[in-house]
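Numbering (the UniProt record's numbering), first residue to last: 1 to 527. Here a beta-carbon is modelled for each residue, glycine too, at the ideal position from N, C-alpha and C. Treat the numbers as computed from the prediction; the structure is a model and nothing was measured. Down below is the structure, laid out as structure tokens.
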Amino acid sequence: MELWFGGKIYTMINEGDWVEAVVVSEGRVMDTGSTSELYDKYGGMLNEQHNLNGGIMYPGFTDSHLHMMMHGERLLRLDLSFMKSKEEVLRALKQYADNTSPGEWIVGEGFNENQWEENGLIHKSELDEVTGEHPAIITRVCRHALVANSEAVRLAGVTKESPDPQGGRIGKDERGVTGVFHDEAQELIKRQMPGVSSDYLEKALTAAIEDMYARGLTGGHTEDLYYYGGFLKTYRVFRKVIHERGKKFRTNLLVHHKAADEMEEAGLAFGDGAPFTELGAMKIFSDGALGGRTALLNAPYEDDPSNRGVAIHSDEDLDDLFKKARAKAMPVAVHAIGDGAVKAVLERMERFPLKNGHRDRIIHAQILDGELIARLQKLPVVLDIQPSFVASDFPWVIERIGEKRMEYAYAWKTLYDKSVLLAGGSDAPIEEVNPLLGIRAAVDRRATLDFQVYGEEEKLSMYEAISLYTKGSAHAVSREEEQGMIRAGYVADFTVLDRDLFSSAGHEVADAVVMMTVVDGEIMYEK
Numbered sequence: 001m002e003l004w005f006g007g008k009i010y011t012m013i014n015e016g017d018w019v020e021a022v023v024v025s026e027g028r029v030m031d032t033g034s035t036s037e038l039y040d041k042y043g044g045m046l047n048e049q050h051n052l053n054g055g056i057m058y059p060g061f062t063d064s065h066l067h068m069m070m071h072g073e074r075l076l077r078l079d080l081s082f083m084k085s086k087e088e089v090l091r092a093l094k095q096y097a098d099n100t101s102p103g104e105w106i107v108g109e110g111f112n113e114n115q116w117e118e119n120g121l122i123h124k125s126e127l128d129e130v131t132g133e134h135p136a137i138i139t140r141v142c143r144h145a146l147v148a149n150s151e152a153v154r155l156a157g158v159t160k161e162s163p164d165p166q167g168g169r170i171g172k173d174e175r176g177v178t179g180v181f182h183d184e185a186q187e188l189i190k191r192q193m194p195g196v197s198s199d200y201l202e203k204a205l206t207a208a209i210e211d212m213y214a215r216g217l218t219g220g221h222t223e224d225l226y227y228y229g230g231f232l233k234t235y236r237v238f239r240k241v242i243h244e245r246g247k248k249f250r251t252n253l254l255v256h257h258k259a260a261d262e263m264e265e266a267g268l269a270f271g272d273g274a275p276f277t278e279l280g281a282m283k284i285f286s287d288g289a290l291g292g293r294t295a296l297l298n299a300p301y302e303d304d305p306s307n308r309g310v311a312i313h314s315d316e317d318l319d320d321l322f323k324k325a326r327a328k329a330m331p332v333a334v335h336a337i338g339d340g341a342v343k344a345v346l347e348r349m350e351r352f353p354l355k356n357g358h359r360d361r362i363i364h365a366q367i368l369d370g371e372l373i374a375r376l377q378k379l380p381v382v383l384d385i386q387p388s389f390v391a392s393d394f395p396w397v398i399e400r401i402g403e404k405r406m407e408y409a410y411a412w413k414t415l416y417d418k419s420v421l422l423a424g425g426s427d428a429p430i431e432e433v434n435p436l437l438g439i440r441a442a443v444d445r446r447a448t449l450d451f452q453v454y455g456e457e458e459k460l461s462m463y464e465a466i467s468l469y470t471k472g473s474a475h476a477v478s479r480e481e482e483q484g485m486i487r488a489g490y491v492a493d494f495t496v497l498d499r500d501l502f503s504s505a506g507h508e509v510a511d512a513v514v515m516m517t518v519v520d521g522e523i524m525y526e527k
């Protein structure tokens, strides 16, 4: 039995609730109260005491939507996400190529042309100049587009005559293939890339978890089980790193719809693997992203009147995917950014209702309208939102969708006030995995490009913002009776910071320092 004391401990049961001390036994909170009361009650049974030394404890922060393996890869690979110009990206690629063995693939992660001094995607001919004979790709920050060089395009057998696949686009101009591949078209290139070893995946996952500990994260809901050689190979890596190697991290593993049958063939089902490698909802993509104008909208893009975006699946195929999930007693977690995609998803949720007491999830839900919100209020659904998108998408997103749609765009406060369940995530490696950046974006809504505030009326309070990463993430996996708060019977997952966020101005939140990250009562990180 352990006593945690010496700082302010926010329970998050209600706004403003805090205690002086917590007693933990076998990875669970046993009791809370004043230090003196708990000493009197449990003094003779306490085996260990942890002094917070003035630190502020919160329920463990959990990222409700990210890609842990991809985040680890970003830490291991060439990171383009902070580069401010096309020239900077090309210089970095040349340097990387010059130090790469002949014939090896070159992969650059996370470029964002919207933050470059001059907008405009890189053409494959420009990649050719710096990558030579290496096959090479660079992925856009949203992961819904990539640019491939000529050698990668050649290996994929793509020509100007190649048709667009369902749910994807091949970039073409008067010269032929541009090298830009959107959404499902990316698979034409990715299928040519060599497979990765289990050792590499273990390195990537370990790097991701250790980085997340340092950011104060005790858990995450991740989608990785389809992309690295199949469900079983990737699942075994999660089990090995988290269970066998003791990297405790409360992980909920979304299962891509193409991996669901392999999960079943392995004798596994929804909910198996708890508490640290729990198999979660079936992941489905219904549209693309706003950056590449492939998010599916009900009306055309403001800056591209001929385009409403991309439906990843036909209506019939989307029906079949919902039927498949329900046949396996699985909730769904559907990527839907545009209002057209959200509408299609809600129609299926209404037509094929979930009957096992769990909740479906809509991931992103950035563009909504009043009717869609009214329908959301009636369903057992959680919205996985990414507050950091406000900081990174504005002001350019206004040009994409127009002022009229802004009323219900990124409308976190409207949704919160209408009692739509919200969970907070980063979509890492799309955005930085740091939950403090998400909390700051939720309460401050200040863009990183021009430092202006967008949607003042949609700001969340500090309590509401922290709730996204505690109570909200627990609701997303139907664990609200044991996660997301510090109270008797709940898991002993704690995030300890050097300051009281409730006494901090919104713009100061990200300056907080993580002092300690505790999972299952065990200190996994200490500064």
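Inset, instruction - Using DSSP bridges, identify the partner residues of residue 21. - result: Indexing the sequence shown from 1 puts residue 21 at position 21. Paired residue(s): 33.
Inset, instruction - Keeping to the same chain, check which residues put their C-beta closer than 7 Å to that of residue 349; ignore five residues upstream and five downstream. - result: Reading the sequence shown from its first residue, position 349 is the one you call residue 349. Only 360, 379 and 381 meet the Cβ criterion.
Legend entry - Top-ranked residue by Cα proximity to residue 442, from 448, 458, 428 and 427: In the sequence shown, residue 442 corresponds to position 442, counting from 1. 458 is the residue among 448, 458, 428 and 427 whose C-alpha sits nearest the C-alpha of residue 442.
Legend entry - Collapsed DSSP secondary structure at residue 154 in the structure displayed: Taking the first residue of the sequence shown as position 1, residue 154 is located at position 154. Helix at residue 154.
Legend entry - Whole-angstrom distance between residue 3 and residue 24, CA atom to CA atom: For the purposes of this step, residue 24 is taken as the residue at position 24 of the sequence shown. For the purposes of this step, residue 3 is taken as the residue at position 3 of the sequence shown. So the two alpha carbons sit approximately 6 Å from each other.
Inset, instruction - Could you have a look at residue 116 and say whether DSSP puts it in helix, strand or coil? - result: Here residue 116 is taken as the residue at index 116 of the sequence shown, counted from 1. The answer is coil: DSSP assigns residue 116 none of H, G, I, E or B.
Inset, instruction - Tell me, please, whether the stretch 233-241 touches the stretch 85-104 by the rule of three or more beta-carbon pairs shorter than 8 Å. - result: Taking one beta carbon from each stretch, the stretch 233-241 and the stretch 85-104 have fewer than 3 pairs nearer than 8 Å; the two do not touch.
Legend entry - Nearest residue (CA-CA) to residue 35, options 49, 26 and 28: Taking the first residue of the sequence shown as 1, we reach residue 35 at position 35. Out of 49, 26 and 28, 49 has the C-alpha closest to the C-alpha of residue 35.
Inset, instruction - Can you tell me which of the three DSSP states residue 373 falls into? - result: For the purposes of this step, residue 373 is taken as residue 373 along the sequence shown, with counting starting at 1. DSSP places residue 373 within a helical segment (H, G or I) once states are collapsed to three.
Inset, instruction - Take the Cβ of residue 453 as the centre, count every other Cβ of all protein chains shown within 10 Å, and call the residue buried at 16 or more, exposed below. - result: In the sequence shown, counting from the first residue as 1, residue 453 sits at position 453. It counts as exposed.
Inset, instruction - Just mark residue 507 as buried or exposed, buried being the case when its beta carbon has 16 or more other beta carbons within 10 Å. - result: Within the sequence shown, residue 507 is the residue found at index 507, counting from 1. The residue in question, residue 507, is exposed, as its Cβ has fewer than 16 Cβ neighbours within 10 Å.
Legend entry - Nearest-angstrom beta carbon gap, residue 71 and residue 433 [assumed within contact, 8 Å]: Sequence index remark: in the sequence shown, residue 433 carries index 433 (1-based). Sequence index remark: in the sequence shown, residue 71 carries index 71 (1-based). About 6 Å; that satisfies the 8 Å criterion.
Legend entry - Where the alpha helix (DSSP H) through residue 361 begins and ends: Looking up residue 361 in the sequence shown gives position 361. Premise fails: residue 361 lies in the beta strand (DSSP E), 360-364, not in any alpha helix (DSSP H).
Legend entry - C-alpha gap between residue 477 and residue 522, whole angstroms: Taking the sequence shown and counting its residues from 1, one reaches residue 477 at position 477. Taking the sequence shown and counting its residues from 1, one reaches residue 522 at position 522. Near 22 Å, if we compare the C-alpha coordinates of residue 522 and residue 477.
Legend entry - CB of residue 5 within 8 Å of CB of residue 52, strictly: In the sequence shown, counting from the first residue as 1, residue 5 sits at position 5. In the sequence shown, counting from the first residue as 1, residue 52 sits at position 52. Using a Cβ distance threshold of 8 Å, residue 5 and residue 52 count as a contacting pair.
Legend entry - Neighbour-count burial assignment, residue 238, 16 or more Cβ in a 10 Å radius: Mapped onto the sequence shown, residue 238 falls at position 238. Counting every other CB atom within 10 Å of its CB across the protein chains shown gives residue 238 a total of 16 or more, marking it as buried.
Inset, instruction - Find the nearest neighbour of residue 355 within the set 125, 323 and 90, judged by alpha-carbon distance. - result: For the purposes of this step, residue 355 is taken as the residue at position 355 of the sequence shown. Nearest C-alpha to residue 355 among 125, 323 and 90: 323.
Legend entry - Nearest candidate by alpha-carbon position, reference residue 60, set 495, 215, 38 and 397: Residue mapping note: residue 60 aligns to position 60 of the sequence shown, counting from 1. With respect to the C-alpha of residue 60, the residue from 495, 215, 38 and 397 having the closest C-alpha is 495.
Inset, instruction - Determine which residues share a DSSP beta bridge with residue 4 and list them. - result: Counted from its first residue, the sequence shown places residue 4 at position 4. Answer is 22 and 50.
Legend entry - Segment contact, 8 Å Cβ cut-off, at least three pairs: the stretch 130-146 with the stretch 281-293: The stretch 130-146 vs the stretch 281-293: in contact.
Legend entry - CA-to-CA distance, residue 114 to residue 267, given in whole angstroms: Position 267 of the sequence shown, counting from 1, holds the residue named residue 267. Position 114 of the sequence shown, counting from 1, holds the residue named residue 114. Residue 267 and residue 114 have their C-alpha atoms roughly 45 Å apart.
Inset, instruction - May I ask you to list the residues that DSSP assigns as paired with residue 63? - result: Along the sequence shown, one-based indexing puts residue 63 at 63. DSSP, once it has assigned bridges, lists 220 as partnering residue 63.
Inset, instruction - Classify residue 506 as helix, strand or coil using the three-state DSSP reduction. - result: For the purposes of this step, residue 506 is taken as the residue at position 506 of the sequence shown. Residue 506: helix per DSSP, three-state reduction.
Legend entry - Inter-residue spacing [alpha-carbon to alpha-carbon] between residue 73 and residue 204: One-based indexing of the sequence shown puts residue 73 at position 73. One-based indexing of the sequence shown puts residue 204 at position 204. Roughly 5 Å between the two C-alpha positions.
Inset, instruction - With residue 440 as the anchor, note down where its alpha helix (DSSP H) starts and where it stops. - result: Taking the first residue of the sequence shown as position 1, residue 440 is located at position 440. According to the DSSP assignment, residue 440 belongs to the alpha helix (DSSP H) that extends over 435-444.
Inset, instruction - Could you pull out every residue in the same chain whose Cβ sits closer than 7 Å to the Cβ of residue 338, ignoring the five residues on either side in sequence? - result: In the sequence shown, residue 338 corresponds to position 338, counting from 1. For residue 338, same chain residues with a beta-carbon under 7 Å away, outside a window of 5 residues either side, are 287, 295, 296, 297, 309 and 367 in chain order.
Legend entry - Per-residue DSSP class, three states only, for residue 326: Taking the first residue of the sequence shown as 1, we reach residue 326 at position 326. Residue 326: helix per DSSP, three-state reduction.
Inset, instruction - Would you kindly report the start and end of the unbroken beta strand (DSSP E) that includes residue 278? - result: Indexing the sequence shown from 1 puts residue 278 at position 278. Segment 277-285, the beta strand (DSSP E) holding residue 278.
Legend entry - Nearest-angstrom Cα separation, counted from residue 230 out to residue 195: Position 195 of the sequence shown, counted from the first residue, corresponds to residue 195. Position 230 of the sequence shown, counted from the first residue, corresponds to residue 230. Cα-Cα distance, rounded: 10 Å.
Legend entry - Exposure of residue 342, with buried meaning 16 or more beta-carbon neighbours within 10 Å: Looking up residue 342 in the sequence shown gives position 342. Label assigned to residue 342: buried.
Inset, instruction - Measure the C-alpha to C-alpha separation of residue 257 and residue 374 and round it to an integer number of angstroms. - result: Position 257 of the sequence shown, counting from 1, holds the residue named residue 257. Position 374 of the sequence shown, counting from 1, holds the residue named residue 374. Taking the straight line from one Cα to the other gives about 28 Å.
Legend entry - Test item: CB-CB of residue 333 and residue 263 under 8 Å: One-based indexing of the sequence shown puts residue 333 at position 333. One-based indexing of the sequence shown puts residue 263 at position 263. Annotated as distal: residue 333 and residue 263, with beta-carbon spacing of 8 Å or more.
Inset, instruction - Please say whether residue 251 and residue 271 have beta carbons closer to each other than 8 Å? - result: Position 271 of the sequence shown, counting from 1, holds the residue named residue 271. Position 251 of the sequence shown, counting from 1, holds the residue named residue 251. Not closer than 8 Å, so no.
Legend entry - Buried versus exposed, by CB contacts within 10 Å (16 or more), residue 249: Along the sequence shown, read from residue 1 onward, the residue named residue 249 stands at position 249. Residue 249 should be labelled buried.
Legend entry - Spatial neighbours of residue 94 in its chain, beta-carbon cut-off 7 Å, leaving aside the 5 residues before and after: Numbered from 1 along the sequence shown, position 94 holds the residue referred to as residue 94. Excluding positions up to five away in sequence, the list reads 130.
Legend entry - Strand pairing of residue 57, partner residues [DSSP]: On the sequence shown, position 57 is the one that residue 57 refers to. Per DSSP, the beta bridge partners of residue 57 are 9 and 496.
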